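Data block below; observations after.
Chains as they are written, first to last, in the working numbering: chain A, 1 to 293; chain B, 1001 to 1293.
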């Protein structure tokens, strides 16, 4: 059984973060503070945001939720962002995506002060990440890096296939794992919808990051024995046997692959748990940056 | 003979740029203006800078050279950069690298206003490039993109091997050719000093970008028949038969490969000629951005 117990790993990391926050506030300092901006009532977004707030509470981190009706305008939202940029009591904040159609996410993300952009979505942070400068890494790639470090994996010279070229997962993790860094130095191939021979490319890989958003896309006959597979997909599929009529699955056929892989992350209870750790780590880093001077 | 006649291509592009500048200044507008900041007397740097100035002259673009003694301090150079950031008569400027050892290139590059960073080295530009937003692309990757567009190459689904992971060539071109873009959509593998089986990786590639800085590293038996090879290397090697005792060679064994390749760029007279086109294109774009409002 090669299932990576991400639940236990993330629990241990949370506990360490809780201790770190305790030390930061010892002596009367205020706690780190994360704000979340949310628009509308997308149920998945509500669940994500409330989970972030709950985790902040657990760890002794302050949080605030700015929840707006769908009718909010672009300019009003820009004002909210500018106020948070200037608010000395807020170390970092996130704009929960997706936004309603009348709002342009990209131009709104550009309004966030890169020093408070704990989601790591601002181009200034993305560029620093790609160039190996200190930066807030986007949550999912950062979560994978944390797992690699935790497991002590040496990817130097190993073949990595990244499946999916999104701006928030595939592209940044392909850059990070290529870089000259303790978690990097891998030979990375970035696969996507236009790639040919995906099966052969995956079969040649020592490590696979599956982030393509297609339920159970990666089959058992597409991976080599001993592969390490980070499954980023979170896909809801129908399942008449489930109480709710549906269940979550990843981008890999977990049950078929788990005995062939050296390690594979499950869905749910996998990479998703690491993204919240990343966000908290970025928030604590933003707090430290604020309190340096 | 599969040598790509980059000299002719770049000549045609220069001619088109000259016409474009003529139209921009018609009606009495000032010409676009590029400034170059240079420190010390590195002969290669002097040659590069004087070539840039000469090309500006040819095309009707204004230029100015700020040449400082090696003794200039970090703070003095920051002042120069800040003055150029504010100078409305300068559309874009470059800081010629390398700098003397007592100056930190990275922190100085960060002082350049991204809107005037026509070398595309600022993290804000790098991040925008990686995210597919309008940005100044770094000169060499931009030059390769321009060649791909000029040749009408369709890389969609093609296998590309990028050899070398530098911040100014290998990493950015690997990102660009992966992106969903007319010049992109390729399946890119980024190879570097820690990669294993480089020969096999190169043999599988339809397109190779060689940017590793090792003279004639890519041999004839490392490429497939019909390969397209962009040689970015500019290496000086001893050659007793040459008047100067040395000559320039690329990262690929040009003479051995040229009959096997579909296309290969020579050195000298190859990608190097495209980088100046890129810089001029970025300068003209900066000028247009300045004159929009």
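The beta-carbon is built from N, C-alpha and C at its ideal position, and this holds for glycine as well. None of the values given here were measured: they were computed from a predicted structure.
Have a look at the options and flag the residue whose alpha-carbon is nearest the alpha-carbon of residue i.
i	options	result
residue 1206/B	1194/B, 1214/B, 1223/B and 1216/B	1223/B
residue 1119/B	1281/B, 1079/B and 1229/B	1281/B
residue 121/A	279/A, 284/A, 285/A and 287/A	279/A
residue 1188/B	1198/B, 1061/B and 1174/B	1174/B
residue 1011/B	1264/B, 1058/B, 1204/B and 1128/B	1058/B
residue 248/A	235/A, 254/A and 241/A	235/A
residue 1181/B	1168/B, 1200/B, 1148/B and 1169/B	1148/B
residue 269/A	41/A, 63/A, 230/A and 171/A	230/A
residue 63/A	136/A, 220/A and 30/A	30/A
residue 1055/B	1042/B, 1039/B, 1041/B and 1015/B	1015/B
residue 75/A	105/A, 61/A and 51/A	105/A
residue 253/A	67/A, 126/A and 221/A	221/A
residue 1184/B	185/A, 190/A and 183/A	190/A
residue 1285/B	1109/B, 1067/B and 1116/B	1116/B
residue 1068/B	1095/B, 1017/B, 1134/B and 1060/B	1095/B
residue 262/A	226/A, 271/A and 275/A	226/A
What's the C-alpha gap between residue i and residue j?
i	j	result
residue 90/A	residue 1144/B	44 Å
residue 1228/B	residue 1070/B	42 Å
residue 13/A	residue 277/A	7 Å
residue 1251/B	residue 1232/B	7 Å
residue 1132/B	residue 124/A	13 Å
residue 33/A	residue 151/A	29 Å
residue 128/A	residue 1273/B	28 Å
residue 1283/B	residue 1111/B	18 Å
residue 35/A	residue 107/A	19 Å
residue 287/A	residue 27/A	16 Å
residue 84/A	residue 93/A	8 Å
residue 8/A	residue 97/A	28 Å
residue 1072/B	residue 1045/B	17 Å
residue 1139/B	residue 1171/B	13 Å
residue 130/A	residue 142/A	13 Å
residue 114/A	residue 1099/B	28 Å
residue 240/A	residue 219/A	23 Å
residue 1003/B	residue 3/A	52 Å
residue 1103/B	residue 1040/B	11 Å
residue 1178/B	residue 198/A	15 Å
residue 1238/B	residue 1246/B	4 Å
residue 264/A	residue 1169/B	34 Å
residue 38/A	residue 51/A	13 Å
residue 126/A	residue 215/A	28 Å
residue 166/A	residue 42/A	21 Å
Taking DSSP's pairing of strands, which residues face residue i in a bridge?
i	result
residue 1252/B	1218/B
residue 62/A	33/A
residue 1206/B	Beta-bridge pairing links residue 1206/B to no other residue.
residue 110/A	In DSSP, residue 110/A forms no bridge with anything.
residue 160/A	188/A and 207/A
residue 143/A	Paired residue(s): none; residue 143/A is not in a bridge.
residue 95/A	37/A
residue 238/A	246/A
residue 1103/B	BP columns for residue 1103/B are empty, so no partner.
residue 1228/B	1207/B and 1263/B
Quick one: is the Cβ of residue i within less than 7 Å of any heavy atom of the ligand GDP?
i	result
residue 159/A	As for the ligand GDP, it is missing from this structure, which has no ligand bound.
Three or more beta-carbon pairs under 8 Å between the stretch 1162 to 1173 of chain B and the stretch 1198 to 1216 of chain B, yes or no?
yes
Are the stretch 1250 to 1262 of chain B and the stretch 1274 to 1291 of chain B touching by the rule of at least three beta carbon pairs closer than 8 Å?
no
Name the residues in the stretch 1145 to 1168 of chain B whose C-beta lies less than 7 Å from a C-beta of chain A; which are they?
The residues in question are 1156, 1157, 1165 and 1167.
Give, in chain order, every residue of the stretch 1108 to 1128 of chain B whose Cβ lies closer than 8 Å to some Cβ of chain A.
1122, 1123, 1124, 1125, 1126, 1127 and 1128
Which residues of the stretch 130 to 141 of chain A have a Cβ closer than 9 Å to any Cβ of chain B? Give them in chain order.
Answer in chain order: 130, 131, 132, 133 and 135.
Taking Cβ-Cβ distances below 8 Å as the criterion, which residues of the stretch 1191 to 1208 of chain B are in contact with chain A?
Taking 8 Å as the upper bound on Cβ-Cβ separation, chain A lies near residues 1191, 1192, 1194, 1195, 1196 and 1201 of the stretch 1191 to 1208 of chain B.
For the stretch 72 to 102 of chain A, enumerate the residues whose C-beta is nearer than 7 Å to any C-beta of chain B, in chain order.
none
Count the C-beta pairs between the stretch 1180 to 1196 of chain B and the stretch 147 to 157 of chain A that are closer than 8 Å, then say yes if the count reaches three, no if not.
They touch, by the three-pair rule.
So, do the stretch 1017 to 1024 of chain B and the stretch 1070 to 1082 of chain B have three or more beta carbon pairs nearer to each other than 8 Å?
Counting Cβ pairs under 8 Å, fewer than three are found: no touch.
The stretch 1007 to 1019 of chain B: positions lying closer than 7 Å to chain A by Cβ
none
Which residues, taken in chain order from the stretch 1220 to 1253 of chain B, show a beta carbon closer than 7 Å to some beta carbon of chain A?
none
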